[in-house]
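>
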Amino acid sequence: MGAGQTGPVPLDVLGSGSRTTRRRRLTGPGVGRSSSLGPLRLAFAGRTSTEDQQDPTLSIPRQLNSCRTVLPDQAVIVAHFYDIESGRKALALRGRGRGHEQFSIPVPRDGGIQDLLEEASRPDRRFDAVICESIDRISRRTYIGTLIENTLEEAGVLLLAADEPIVLNGKRASQVLTRRVKQGVAEWYVLELLEKSWGGFEAHTDQGYNVGKPPYGFTAEKIPHPVPAKRAEGASKHTLVPDPAQGPVVVRIYELRIGERLGYAAIADRLNRDLGAHPPPVPVDPTRAVGRWTASSVRDVLVNPKNTGYMVWNRRASKTDGGRHNPPESWVWSSRPTHKPLVSIDTFVAAQQVAGARERSRSRPGKNIAHPATQRSYRLRSYIKCAICGRRMFGKTRKEHAYMACQPPTGYKQEGHPKSVWVREDRLLRGINDFFAANVFGAGRKARLETRLLKAQEQSVQEWQDRTEALRREIDGIEARRTRLLRRLEHLEDDDEDLFSSIRERSATLSAERNAKLAELARVEQQRPPRLCAELLEALPEGEVDLAEVPEPVLWRLFEAFRLEIRYDKRTDTADCRITLTGAAIDMLGAAAAEALPEGTMRPPATTPHSYLSSAPGRIRTCDTRFRRVISAVRPRSAAAGFVASTQVRGHFSCGLVWCREVHGAAGCAITVPSRHASRGPPIRVRRALERARRPNMRRPRTRRVERRPGP
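Under the working numbering, the first residue of the sequence shown carries the number 571, and numbering increases by one thereafter.
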């Protein structure tokens, strides 16, 4: 008598008085379904991959018909569950799409895979088993398919497939073997197809062909498809060429980002002032167009590497992960430029670096309008960072004084970081005021800066010469070894083939090393330190300045123009101040300086040669030798590929004592020179203060409280 057949003793008698438990086990011998339980109720499970490459109105009914043709006797389909999504998604992401809403599929839908699993776990479910056309309709990944199968079996629901033997007597060994083989083949097929498709897209990208809609700033140049059959159907490939109307807008966006360091929203506002000259982008779906520039559209332009002339693919997972941005290491670049660039690589890199400097900062002065409860504004907000953790410090008022503070969360506080860092804003403003008065607006500023530039120039040139001479010595050494090898080769016998082969291999290795060193030498020779010049200071007016009396909007424009950066170190109670002067922004610098200086004390700038103005491109007669090297990657508006001058000035101050340090050049060579207050604050005290880690005095002052009047 076989398993599942009734014996001579009633089953209810055998089960009484024992501790036997009924397990929902569908796999294994002796487990089956009795026909006395009535008709077998089935739930249909279907899936089609994508809504843009397949027709669900044909695929889903075909899958249902395939299941109906193999139904056993007294079996009926009572529910229908299907999705339009990729079979390689994780189980937690399955069944969440709404692609089925775009079609009129002639099959009623009771839900997706998640609804199927949820109903299978209920005791009042409508079905006893689930049937699909093939196991790859459940998932294209073996693990996910087996996980769904095991989840259904634990709920007492059998998973059947139309292309597998349907056995209901419990003998499923052949069925499981067939299923596992088909699951492995299905996963292998997808992986092989993905690998070959990836290689095809890499070759497609390297040849300079674009995928999808051309980015803003470019237009498509169609090329007939190389395959005759596809060419006959009207298919074509396309490369990118600059758009005459949109290309200059892209260049303008980079100029605003690098020259004025504006945020995305601020650039969008600037472009929206004249939409005729700056046409906004149109998305792939024209119905989604807003008719103006937005912060996201500006960001899309700035971060698009195709603007550099290289073709790039796989920046976004548009097919597999809902448009998620892929990490840059997974991007596919062409091996060489494939189309005319709109900006240089240096300009593109400089634009990306602005994002780090502007992170968590605002693009306008005054109160933070994003928070309606804001009552105060702080002049140094967005310009000062904590030197210990690198976070941007925020403003806070304690009693009658304004402070800049850094209070990182407990879980994110670095080792050695105090619980809180506080520094009074008026102390910082006094140090910044002395720094600007002595190094930017004061008399003798050019002579003071040139003296320090000379030392920095000598140091950078010496380092460059040492590097080039070391490379030349290495190249000469490789040449000498290769010459000795060839001389020995002349005295060898002709029949020593093994030795000849070894010498040839060694000679090839030496030749490769020599070529690598020659390429490195050529690269280093092109990076000759630039001539550092202080003439940019002459384009600025002179005068006495008191930043504490300057209105906040004017002060904000001044700090933005000079690219003020402050790093406060609580351990030494000192601040590192840095400003950057660029030729491209010299007009903006002069306007901001003239607005900040009092009219009675301001003296006009000295006569400035035309070669130092922002309109002077590189490689011309007046500035060929002075501006040949790019220091700060800022592109002049009037120059297609010119270079500009840049000067960075740093200062250390504590309680008004200024320590000046100038940093120049792409290599970052720096010198430190004490100011006229050196006798009052030698550097040794700064080093000793690192050990003391003094806290700022937060006690209540004994003086009478004075109500501060709000600024204009």
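For glycine and all other residues, C-beta sits at the position ideal for the given N, C-alpha and C.
1) Measure the alpha-carbon distance for Ser1202 versus Ala920 and round it to whole angstroms.
2) Is the Cβ of Leu763 closer than 8 Å to any Cβ of chain B?
3) Tell me the residue span of the alpha helix (DSSP H) that contains His774.
4) Does DSSP classify Glu1119 as helix, strand or coil?
5) Can you check the segment 842-909 for any alpha helix (DSSP H) of at least 4 residues that lies completely inside it and give the ranges in chain order?
6) With distances taken from CA atoms, which of Gln1032, Lys1025, His808 and Pro1168 is nearest Lys792?
7) Cutting at 7 Å between CB atoms, please list the residues of its own chain near Ala645, excluding the five before and the five after it.
8) Does DSSP classify Asp839 as helix, strand or coil?
9) In terms of residue numbering, what span does the alpha helix (DSSP H) encompassing Arg997 cover?
10) Tell me whether the beta-carbon of Leu1091 lies closer than 8 Å to the beta-carbon of Leu1041.
11) Buried or exposed for His1061, going by 16 or more other Cβ atoms inside 10 Å?
12) Is it buried or exposed, Ser905, if we count other Cβ atoms within 10 angstroms and call 16 or more buried?
13) Using the Cα positions of Arg968 and Ser866, report the straight-line distance between them to the nearest angstrom.
14) Quick check on Val993: buried or exposed, where buried means 16 or more other Cβ atoms within 10 Å of its Cβ?
15) Do Asp706 and Gly754 count as a contact pair if the criterion is CB distance below 8 Å?
16) Cys1147 to Tyr786, Cα distance in whole Å?
17) Answer with buried or exposed for Thr712, where buried requires no fewer than 16 other C-beta atoms within 10 angstroms of its C-beta.
18) Pull up the distance between the alpha-carbon of Ile1045 and that of Leu1088, whole angstroms please.
19) In three-state terms, what does DSSP make of Lys1087?
20) Can you name the start and end residues of the alpha helix (DSSP H) that Glu719 belongs to?
21) To the nearest angstrom, report how far apart Gly1012 and Leu999 are at their CA atoms.
22) Taking Cβ to Cβ, would you say Ala1161 is nearer than 8 Å to Leu1110?
23) Since Thr789 sits in a beta bridge, which residues does DSSP pair it with?
24) Roughly how many angstroms separate the alpha carbons of Ala847 and Pro856, rounded to a whole number?
25) CB-CB under 8 Å to Ala699, same chain, minus the five flanking residues each way: which ones, in chain order?
26) Grouping DSSP H, G and I as helix and E and B as strand, with all else coil, what is Ser619?
27) With burial defined as no fewer than 16 other Cβ atoms inside 10 Å of the residue's Cβ, what is the status of Asp643: buried or exposed?
28) From Asp733 to Glu757, what distance separates their C-alpha atoms?
29) Give the single residue among Ser704, Ala649 and Val640 whose Cα lies nearest to the Cα of Ser629.
30) Using DSSP with H/G/I as helix, E/B as strand and the rest coil, what is Phe964?
31) At the level of alpha carbons, what is the spacing between Phe1070 and Ala1078?
32) Is Phe1285 helix, strand or coil when you go by DSSP?
33) Return the residue from the list Asp1004, Lys955 and Arg1018 that minimises the CA-CA distance to Tyr1138.
34) May I ask you to report which of helix, strand or coil DSSP gives Tyr982?
With the given structure in hand:
1) Counted from its first residue, the sequence shown places residue 1202 at position 632. Counted from its first residue, the sequence shown places residue 920 at position 350. Only weak support is given to the placement of Ser1202: the predicted model assigns it a pLDDT of 30, under 50, and the question is left unresolved by the model.
2) Absence of chain B from the displayed structure is noted, only one protein chain being present.
3) As a working note, residue 774 is residue 204 in the sequence shown. Per DSSP, His774 belongs to the alpha helix (DSSP H) from Ala743 to Asp776.
4) Numbered from its first residue, the sequence shown carries residue 1119 at position 549. Helix.
5) 865-872
6) Translated into the one-based positions of the sequence shown, residue 792 becomes position 222. When each option's Cα is compared against that of Lys792, the closest is His808.
7) Position 75 of the sequence shown holds residue 645. Hits under 7 Å: Pro609, Leu610 and Leu612.
8) As a position in the sequence shown, residue 839 is number 269, starting the count at 1. Helix.
9) In the sequence shown, the residue the question calls residue 997 occupies position 427. Segment Glu995 to Asn1009, the alpha helix (DSSP H) holding Arg997.
10) Within the sequence shown, the letter at position 521 stands for residue 1091. Within the sequence shown, the letter at position 471 stands for residue 1041. Yes. Within cutoff.
11) Here residue 1061 is taken as the residue at index 491 of the sequence shown, counted from 1. Exposed is the call here.
12) Locating residue 905 in the sequence shown gives position 335, counting from the first residue. Under this definition Ser905 is an exposed residue.
13) On the sequence shown, position 398 is the one that residue 968 refers to. On the sequence shown, position 296 is the one that residue 866 refers to. Rounded to whole angstroms, Arg968 to Ser866 spans 38 Å at the Cα level.
14) Counting from one through the sequence shown, the residue named residue 993 turns up at place 423. Flag for Val993 reads buried.
15) Taking the first residue of the sequence shown as position 1, residue 754 is located at position 184. Taking the first residue of the sequence shown as position 1, residue 706 is located at position 136. Going by C-beta atoms, Gly754 is not nearer than 8 Å to Asp706.
16) By one-based count along the sequence shown, residue 1147 stands at place 577. By one-based count along the sequence shown, residue 786 stands at place 216. Taking the straight line from one Cα to the other gives about 38 Å.
17) Position 142 of the sequence shown, counted from the start, is the residue given in the question as residue 712. Under this definition Thr712 is a buried residue.
18) One-based indexing of the sequence shown puts residue 1045 at position 475. One-based indexing of the sequence shown puts residue 1088 at position 518. Their Cα atoms are separated by approximately 7 Å.
19) As a working mapping, residue 1087 is identified with position 517 in the sequence shown. Reduced to three states, the DSSP call for Lys1087 is helix.
20) The residue given as residue 719 occupies position 149 in the sequence shown. For Glu719, the uninterrupted alpha helix (DSSP H) run begins and ends at Thr712 to Glu724, by DSSP.
21) Along the sequence shown, one-based indexing puts residue 1012 at 442. Along the sequence shown, one-based indexing puts residue 999 at 429. Cα to Cα, the separation comes out at about 17 Å.
22) As a working mapping, residue 1161 is identified with position 591 in the sequence shown. As a working mapping, residue 1110 is identified with position 540 in the sequence shown. Not a contact, by the Cβ cut-off of 8 Å.
23) One-based indexing of the sequence shown puts residue 789 at position 219. DSSP, once it has assigned bridges, lists Val811 as partnering Thr789.
24) As a position in the sequence shown, residue 847 is number 277, starting the count at 1. As a position in the sequence shown, residue 856 is number 286, starting the count at 1. Cα-Cα distance, rounded: 20 Å.
25) Position 129 of the sequence shown holds residue 699. Only Leu610, Arg611, Leu612, Ala613, Val727, Leu728, Leu729 and Leu730 meet the Cβ criterion.
26) Within the sequence shown, residue 619 is the residue found at index 49, counting from 1. DSSP places Ser619 in coil when its eight states are reduced to three.
27) The sequence position of residue 643 within the sequence shown is 73, counting from 1. Asp643 should be labelled exposed.
28) Taking the first residue of the sequence shown as 1, we reach residue 733 at position 163. Taking the first residue of the sequence shown as 1, we reach residue 757 at position 187. Spanning the two alpha carbons is a distance of roughly 17 Å.
29) Position 59 of the sequence shown, counted from the start, is the residue given in the question as residue 629. Among Ser704, Ala649 and Val640, the Cα nearest to that of Ser629 is on Ser704.
30) For this step, residue 964 is matched to residue 394 along the sequence shown. In the structure shown, Phe964 sits in a strand (DSSP, three-state: E or B).
31) In the sequence shown, counting from the first residue as 1, residue 1070 sits at position 500. In the sequence shown, counting from the first residue as 1, residue 1078 sits at position 508. If I take the Cα positions, the gap works out to 12 Å.
32) This structure cannot speak to residue 1285, because the chain is shown only from 571 to 1282.
33) Here residue 1138 is taken as the residue at index 568 of the sequence shown, counted from 1. Cα-wise, what sits closest to Tyr1138 is Lys955.
34) Sequence index remark: in the sequence shown, residue 982 carries index 412 (1-based). It is helical.
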